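**Student:**
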Amino acid sequence: MENITRKIFQQFKDCADILKANGFANAEGTRILFEADEKVFGTKIGADIANLKEDDIEEVEMKRLPMSRKGKKAMIFSQTFYCQKCLAEAVPFAASLDDMAQIIGPAVYVADGRTADRSSGKSLKKALKRSNGCLVLRAVDGKGKGIGYSITVGRTLHEAATALTVMEKAAEAEWKSERLGGSKPLDKKEVKAMRQNYEKNYSQQTKAETVPTDFPAEETELREHLVTYGNKLTEKRLVQGTWGNLSVRLDSETMLVTPSGIDYALLEAGDMVKVNIHTLKAEGVNKPTSELELHAEIYKAREDAGAVVHAHSKYASVFACACKGIPVASKEKDARELFGATIPVAAYALPGTHTLAVNTASALGTGSAVVMAHHGMAVCGKDMRSAFENALKFEETARVSWYDYEKEDFEEEPEE
169 MENITRKIFQ QFKDCADILK ANGFANAEGT RILFEADEKV FGTKIGADIA
219 NLKEDDIEEV EMKRLPMSRK GKKAMIFSQT FYCQKCLAEA VPFAASLDDM
269 AQIIGPAVYV ADGRTADRSS GKSLKKALKR SNGCLVLRAV DGKGKGIGYS
319 ITVGRTLHEA ATALTVMEKA AEAEWKSERL GGSKPLDKKE VKAMRQNYEK
369 NYSQQTKAET VPTDFPAEET ELREHLVTYG NKLTEKRLVQ GTWGNLSVRL
419 DSETMLVTPS GIDYALLEAG DMVKVNIHTL KAEGVNKPTS ELELHAEIYK
469 AREDAGAVVH AHSKYASVFA CACKGIPVAS KEKDARELFG ATIPVAAYAL
519 PGTHTLAVNT ASALGTGSAV VMAHHGMAVC GKDMRSAFEN ALKFEETARV
569 SWYDYEKEDF EEEPEE
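Our numbering puts the first residue of the sequence shown at 169, with every later residue one more than the last.
(1) If we ignore side chains and look at the alpha-carbon of each, how far apart do residue 215 and residue 278 end up?
(2) Measuring straight from C-alpha to C-alpha, what distance separates residue 568 and residue 416?
(3) Along the chain, where does the alpha helix (DSSP H) that runs through residue 491 open and close?
(4) Under the three-state reduction of DSSP, which class applies to residue 237: helix, strand or coil?
(5) List the residues that DSSP assigns as beta-bridge partners of residue 450.
(6) Per DSSP, residue 315 is paired with what?
(7) If I follow the unbroken alpha helix (DSSP H) through residue 369, where does it start and stop?
(8) Would you call the region 243-257 in contact with the region 196-212, where contact means no fewer than 3 C-beta pairs closer than 8 angstroms?
(9) Evaluate contact between the region 495-513 and the region 351-361, counting only Cβ atoms and requiring at least three cross-stretch pairs below 8 angstroms.
(10) On the three-pair Cβ rule with 8 angstroms, is the region 316-330 touching the region 296-303?
(11) For residue 294, which residues from the same chain have a beta carbon less than 7 angstroms from its beta carbon, with the 5 sequence-adjacent residues on both sides left out?
(12) Check the DSSP bridge columns for residue 544 and list the partner residues they point to.
(13) Would you call residue 311 buried or exposed, if buried means 16 or more other Cβ atoms sit within 10 Å of its Cβ?
(14) Just how far apart, CA to CA, sit residue 213 and residue 528?
(15) Using CA atoms only, rank isn't needed, just tell me which of 271, 274, 248 and 204 is closest to residue 179.
(16) What residue does the beta strand (DSSP E) around residue 478 start on, and which one ends it?
(17) Quick check for students: name the residue ranges of the beta strand (DSSP E) that lie wholly in the region 178-207, counting only runs of 3 or more.
(18) Rank 183, 467, 532 and 172 by C-alpha distance to the C-alpha of residue 321 and give the top, closest one.
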């Protein structure tokens, strides 16, 4: 492992673990590149990403990565399922979900990598100029379908890996929302504002080096619940990277919320932030989630709510990008009892805003769940366990509803 430090390998390993957790490690053509110490390192072609070893990393004969001057020091090549389906049509798709707008940019463009005459898309440099991900067309098969791969970039390997999970989810939502009438692209000016805000405020981990541990027993238990269920959300793939947030009601005046910009796997009980429900004044060593007002509005409107989950899961995103509520089939008796005949959709507003919080709490009403247009889901429950279970039920209900929209034979999804 000459020239490759233990620190560099660990960053590759952490990136590979993210890909593995999301089912991408075995995707054909996956390769990870990272620029460090004025060199470029990469996984060897054919390396087992799911079980990455030190000798799977090599120094690459490149002076720098293509977007290095823009601060993008990490790059991932992959052929994930839904990005490949979108590439087959060789058509770019615009951001219709706020997480894509923030970490990817205004659109996933197609870079034509076949010839100098890039008639079907942009050059790679142009495709990545304003976006952290693109599709690269390398050939067209006998049926006229595009063949190639996708690229995501980031300032760190963690960011590039998160970009891949968000881009694949966005591609899936784009594809599946056609059944619901199609996705509704976000306003370009709002996308630009979200992207700039993310780059400036939310893209870097800000975990405090030391966290307090001396809390009352009841508060400690609730803090630990947030740690436990934050990791459960990741395990069930209801969140990507640091997106999504959780909270529990501590008492009539205060709530505990997850912090901003910290991976769920790194969270400790002391990382949680105590916030006044009425004034939004925060106490803690970390910055609270940007959606703290969303949680506060729900607690103010719903005295019976003891916990809230906001997540950007796959099928929630399909309905969210189409700005559609979710009809609950009469055969789904448990879901009908929990959600009623329809899970409503809340009107869109920019993330982290008062308008978004009010829209969501209003649409939630006396129910347990709501689709947040262009965002994902918000659910509540009497405690953290019930809120988590409601989030799982929401995602399953959305999946069943999507399949019930039309009775057609669709290509089977890959096993995970």
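Don't be surprised by glycine CBs; every beta carbon is placed ideally from N, CA and C. This structure is a prediction, so every number in the text was calculated from the model and none was measured.
**Tutor:** A quick look at the data gives this:
(1) Your numbering for residue 215 matches position 47 in the sequence shown. Your numbering for residue 278 matches position 110 in the sequence shown. So the alpha carbons of these two residues sit roughly 26 angstroms apart.
(2) The sequence position of residue 568 within the sequence shown is 400, counting from 1. The sequence position of residue 416 within the sequence shown is 248, counting from 1. Distance between the alpha carbons of residue 568 and residue 416: 29 angstroms.
(3) For the purposes of this step, residue 491 is taken as the residue at position 323 of the sequence shown. No alpha helix (DSSP H) contains residue 491, which DSSP labels as neither H nor E.
(4) The count along the sequence shown starts at 1 and reaches residue 237 at position 69. In the structure shown, residue 237 sits in a helix (DSSP, three-state: H, G or I).
(5) Locating residue 450 in the sequence shown gives position 282, where the first residue counts as 1. Residue 450 pairs with 443.
(6) Here residue 315 corresponds to residue number 147 of the sequence shown, with the count starting at 1. Residue 315 is bridged to 307.
(7) Counting from one through the sequence shown, the residue named residue 369 turns up at place 201. Run containing residue 369: none; DSSP gives neither H nor E here.
(8) yes
(9) no
(10) yes
(11) Working through the sequence shown from its first residue, we reach residue 294 at position 126. Around residue 294: no qualifying Cβ.
(12) As a working note, residue 544 is residue 376 in the sequence shown. 540, per the DSSP bridge assignment.
(13) Here residue 311 refers to the residue found at position 143 of the sequence shown. Exposed is the call here.
(14) Numbered from 1 along the sequence shown, position 45 holds the residue referred to as residue 213. Numbered from 1 along the sequence shown, position 360 holds the residue referred to as residue 528. Going from the Cα of residue 213 to the Cα of residue 528 covers about 47 angstroms.
(15) One-based indexing of the sequence shown puts residue 179 at position 11. Here the closest residue by C-alpha is 204.
(16) Working through the sequence shown from its first residue, we reach residue 478 at position 310. Element bounds for residue 478: 475-479.
(17) 199-204
(18) Along the sequence shown, read from residue 1 onward, the residue named residue 321 stands at position 153. The shortest C-alpha separation from residue 321 is found at 183.
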